[in-house]
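Enquirer: For the sequence shown, counting from 1, position 56 maps to 56 in UniProt numbering; every step adds exactly one.
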Amino acid sequence: MVPGVDEDNVPPPVGVGVGQRFMSKDALQMYLKDYWIRRHVQFKVLKSGPTVYYVHCMGDQCP
1 MVPGVDEDNV PPPVGVGVGQ RFMSKDALQM YLKDYWIRRH VQFKVLKSGP
51 TVYYVHCMGD QCP
């Protein structure tokens, strides 16, 4: 559970791509964690700020 994030309002993880927009950074992080777990994919956070979150997919199963 993430404070301030309505978990019922976060879409199920179906894909990850450049330019996707989320209601909040917390919603994005929750989405990515769920995606990583379901797809068995690892990501590295390259840059994190109040309004940006850059990640790099690690491994052969990257989208």
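Where is the CB? At the ideal position from N, CA and C, for every residue including glycine.
1. If you count every other CB in all the chains shown that lies within 10 Å of the CB of Leu-28, and 16 or more means buried, which is it?
2. Which word fits Tyr-31, buried or exposed, when buried means at least 16 other C-beta atoms lie within 10 angstroms of its C-beta?
3. Since Val-55 and Val-45 should fall inside the 8 Å C-beta cutoff, what is the C-beta to C-beta distance between them, to a whole number of angstroms?
4. Within its chain, find whatever has a CB closer than 7 Å to the CB of Met-58; leave out the 5 residues flanking it on each side and keep chain order.
5. What is the DSSP secondary structure of Gln-20, counted as helix, strand or coil?
Expert: Here's the rundown:
1. Label assigned to Leu-28: buried.
2. By the neighbour-count rule (16 or more Cβ atoms within 10 Å), Tyr-31 is buried.
3. Yes, they are in contact, since the Cβ atoms of Val-55 and Val-45 sit about 5 Å apart, within 8 Å.
4. If we look at Met-58 and ignore the five residues flanking it on each side, its Cβ neighbours are Gln-42, Phe-43 and Lys-44.
5. DSSP places Gln-20 in coil when its eight states are reduced to three.
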